[in-house]
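Presented below is the structure to which this report refers.
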Amino acid sequence: MTIEHDYFGLLGSDDEGEIYWSDTAELGDQSVDIDVTSPDEASVAAESLDIAAGMINAIEELDSQVRESLVADLSADGSMTSQYIEQTLDDMDPGAVDDAIIWDSGDRQIDFLRSIQLQRITFMPHNNGVDERFALMEYSISPDDTDYVLMVTIDVHGDTLAVAMES
-1 MTIEHDYFGL LGSDDEGEIY WSDTAELGDQ SVDIDVTSPD EASVAAESLD
49 IAAGMINAIE ELDSQVRESL VADLSADGSM TSQYIEQTLD DMDPGAVDDA
99 IIWDSGDRQI DFLRSIQLQR ITFMPHNNGV DERFALMEYS ISPDDTDYVL
149 MVTIDVHGDT LAVAMES
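The sequence shown begins at -1 in my numbering and counts up by one.
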């Protein structure tokens, strides 16, 4: 079976009922990988696909909203955002850090967050509840210079649910 959607077209499924779609979207002067995946085709509502399509079409606003939540996360003691920044700065060559941080406001953490690049968004349209993982956004300061990425989980409203660091 397949699901047909105005934005995504035909979302193919395999014998197990899983669906997958992949493309890229433009964010400023960079390309962002976009994936839509669900383990169960029957649990994907058309409204969830509409929300995902809307987020892709408004990727700049979504990215800004997530970055604002990361800035807010900096104020929490031991925040994952702060740990990601510290770990990445320790891991990277200082010259690569200087090349990657394209802002210079005097606040190193804010400049770092303004300089990270959105690499991928994975939508999970079967999770359409307010407190469920609807999308996972993957950020990196310099994908060629560090293996550390900042993973931000958002709900159907684009609100940040969790921030994690992976390598």
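Each residue gets a CB set at the ideal place from its N, CA and C atoms; glycine is no exception. Quantities reported herein were computed from a predicted structural model and do not represent experimental measurements.
For the 9 Å CB-CB criterion, P37 and G15 form a contact. Ranked by Cα distance from A133, the options I139, L111, A160, M122 are led by M122. Non-local C-beta neighbours of E2 in its own chain, meaning closer than 7 Å and more than five positions away in sequence, comprise L8, ordered along the chain. T86 carries a helical assignment under DSSP once its states are collapsed to helix, strand and coil.
Between the alpha carbons of D157 and D96 lies a gap of roughly 31 Å. The way I'd put it, the stretch 16 to 34 does touch the stretch 113 to 129; three or more beta-carbon pairs between them come closer than 8 Å. Considering only T22, S41, D75, the residue with the shortest C-alpha distance to I54 is T22. S77 and F6 have their C-alpha atoms spaced approximately 36 Å apart. Classified as exposed, I100 has fewer than 16 neighbouring CB atoms from the shown chains inside 10 Å of its CB.
Annotation for F121: the continuous beta strand (DSSP E) segment containing it runs 115 to 121. If you look at V64, you'll find it in the alpha helix (DSSP H) that goes 57 to 71. DSSP places D157 in the coil class of the three-state scheme, outside both helix and strand. The shortest C-alpha to C-alpha distance from I114 to any of S73, V154, V150, V128 is the one to V150. With a cutoff of 9 Å on beta-carbon distance, D143 and A70 are scored as not near each other. The Cβ atoms of L72 and Q107 lie closer than 9 Å to each other.
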